[in-house]
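Take a look at the structure below.
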Amino acid sequence: MVASRLLENTFAHPGLGALFQRAPFFELHAQGRGVFFEWEKGGHVVASVHFTPMGSGLWRSPARGTYAGFATAPGLHTDALFEFHDAVVARLGALGARRIEVLPAPMAHDPIAFSNQAYLFHARGYSVTQCDLNHSLAVDAQPFEARMSYGNVKRLRKCRKEGIEAGTLPPEALPEVYAVLAANRASKGHAMSMTLSQLQDMQARFPESMALFGCRAGAELAASALCLRVQPHVLYVFYWGDRPGYATLSPVVSVADAIYSYCQAEGIAQIDAGTSTIDREANHGLIQFKRGLGFSESLKVRMARDV
Numbered sequence: 004m005v006a007s008r009l010l011e012n013t014f015a016h017p018g019l020g021a022l023f024q025r026a027p028f029f030e031l032h033a034q035g036r037g038v039f040f041e042w043e044k045g046g047h048v049v050a051s052v053h054f055t056p057m058g059s060g061l062w063r064s065p066a067r068g069t070y071a072g073f074a075t076a077p078g079l080h081t082d083a084l085f086e087f088h089d090a091v092v093a094r095l096g097a098l099g100a101r102r103i104e105v106l107p108a109p110m111a112h113d114p115i116a117f118s119n120q121a122y123l124f125h126a127r128g129y130s131v132t133q134c135d136l137n138h139s140l141a142v143d144a145q146p147f148e149a150r151m152s153y154g155n156v157k158r159l160r161k162c163r164k165e166g167i168e169a170g171t172l173p174p175e176a177l178p179e180v181y182a183v184l185a186a187n188r189a190s191k192g193h194a195m196s197m198t199l200s201q202l203q204d205m206q207a208r209f210p211e212s213m214a215l216f217g218c219r220a221g222a223e224l225a226a227s228a229l230c231l232r233v234q235p236h237v238l239y240v241f242y243w244g245d246r247p248g249y250a251t252l253s254p255v256v257s258v259a260d261a262i263y264s265y266c267q268a269e270g271i272a273q274i275d276a277g278t279s280t281i282d283r284e285a286n287h288g289l290i291q292f293k294r295g296l297g298f299s300e301s302l303k304v305r306m307a308r309d310v
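Residue numbering for the sequence shown follows the numbering used here, starting at 4 and increasing by one per position.
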C-alpha cells in the first residue's frame with residue numbers, strides 16, 4: 004500500500020494548480036493565519052488546498068481571490084482526492100473550524116476537475132451557498148470580429164476609424180490603468196475590490212502573470228484592462244472598462260480585441276471575463292454585453308458545510 008500523509012505549510016510543491024491555488028498567492032493574502040495543505044502519496048505531492056480563518060469559526064478557500072479549492076495532479080484517482088479532503092477537514096476541525104467554504108474554479112477552466120470536486124462536495128454533505136454565471140471565450144484562429152455581434156463590430160471599426168486602437172501596456176502603466184478602472188466603477192456606484200498598492204504588490208510578486216491593456220484617445224487613456232494569466236491556458240480579465248464619457252464609442256471593445264489578439268500570440272486557449280451575476284441577482288445587461296463579444300456561460304459555485 005502506498006503511504007500517504009498530510010503536509011502543512013511545508014510548500015513541498017507550491018506550484019500545483021492555478022495562480023490562485025498556489026502557495027505564493029496564498030501567502031500574499033493569508034498573512035500568516037492560514038494553512039497550506041498538501042497531500043503526499045508515495046513521496047510525491049499529488050494535491051493541495053489552502054484555507055484561511057475568516058473569524059467566528061469560518062475557514063475559507065480562498066481568503067481573497069476569485070477561486071481556489073483543491074488543486075490536483077493530472078489523473079489523480081478520486082479515492083486519493085477523497086482521502087485528502089477528509090484529512091484536511093479533520094485537521095481544520097482540530098484547529099477550531101466550525102464551518103468551511105470552498106470556491107472552485109469556474110467549470111469552463113477544467114470541466115473534469117470541476118466535476119470531480121462537485122461530486123466530492125455533494126458526497127461529503129456540502130450545499131451550494133452561491134451559484135453564478137461565469138463567462139469565458141475559447142481562443143482560436145478566427146479574428147475577434149468573427150466572434151462578436153454586428154453592433155460590436157461597428158464599435159470596433161469606429162474606434163479604428165478614429166485612430167483608437169488598443170494594445171498591451173508596460174508594467175509601469177498600472178497607476179494610469181487603475182485610474183481609468185476606478186473612475187469607471189465609481190460612475191456606476193461601485194468601488195474597486197483592491198487598492199492600487201495591493202495590485203502593485205501583486206504585480207511585484209507575479210510580474211509574469213499580470214498583463215495590462217489600453218487604448219488612447221489622443222493623450223488620454225480611454226479604456227483599459229488588467230488581466231491575470233491564472234493558468235498557462237487561461238487569461239482572467241480581472242478588471243476592464245471605459246473611462247466615463249466614452250460609453251457611446253465603447254473603446255473597451257477595442258481593448259477586448261487586443262486581449263484576444265494577445266492570447267492568440269501567446270498560445271492562451273481561453274479568456275475568462277468573470278461573473279455577470281451575484282448569486283440570485285443577474286446583471287442581464289452585462290450578460291448580453293459579454294455574449295455580444297462572443298463569450299458564453301458556465302457555472303461558478305460556492306460550496307459550504309459545517310465541520
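C-beta: ideal position from N, C-alpha, C; glycine also.
Discussion item. Please report the straight-line C-alpha distance between F54 and P178, rounded to a whole angstrom.
Written reply: 31 Å
Worksheet entry | Beta-carbon proximity of L22 to F28, cut-off 8 Å | yes
Fill in: CB contact flag (A108, Y70, <8 Å)
yes
Worksheet item: So, are the CB atoms of H138 and A276 less than 8 Å apart?
Response: yes
Worksheet item: Can you pull the DSSP bridge partners for C266?
Response: Note: C266 sits in no beta bridge, so no partner.
Worksheet entry | Contact under 8 Å by Cβ, A214 with T278 | no
Practice prompt. Taking G217 as the reference, give the member of M195, L61, R246, V49 with the closest Cα.
Written response: R246
Discussion item. For a test of the three-state rule: what should DSSP assign to S227, helix, strand or coil?
Written reply: strand
Worksheet entry | Range covered by the beta strand (DSSP E) that runs through L302 | 299-309
Fill in: Same chain, Cβ closer than 6 Å to H16, five either side skipped, listed in chain order
V48
Worksheet item: With 16 as the cutoff for other CB atoms within 10 Å, does Q291 come out buried or exposed?
Response: exposed
Discussion item. For the stretch 148-167 against the stretch 219-237, do three or more pairs of beta-carbon atoms, one drawn from each stretch, fall closer than 8 Å, so that the two count as touching?
Written reply: yes
Worksheet item: Where do the N-terminal and C-terminal ends of the alpha helix (DSSP H) with R219 fall, by residue?
Response: Element bounds for R219: not the alpha helix (DSSP H) but the beta strand (DSSP E), 213-220.
Worksheet item: Rounded to the nearest angstrom, how far is the Cβ of L79 from that of A126, given a contact under 8 Å?
Response: With a Cβ gap of about 16 Å, L79 and A126 do not count as contacting.
Worksheet entry | Three-state secondary structure (DSSP) of V237 | strand
Worksheet item: Terminal residues of the continuous beta strand (DSSP E) containing G277?
Response: 273-278
Discussion item. Given a cut-off of 8 Å on the beta-carbon distance, is the pair V240 and R102 in contact?
Written reply: no
Worksheet item: Does DSSP put L9 in a helix, a strand or coil?
Response: strand
Discussion item. I'd like the ranges of any beta strand (DSSP E) spanning at least 3 consecutive residues and lying wholly in the stretch 97-185.
Written reply: 102-105, 130-141, 170-172
Discussion item. Which residues does DSSP list as the beta-bridge partners of T198?
Written reply: Beta-bridge pairing links T198 to no other residue.
Discussion item. Using CA atoms only, rank isn't needed, just tell me which of V233, L31, G297 is closest to D204.
Written reply: L31
Worksheet item: For K191, which three-state DSSP category applies?
Response: coil
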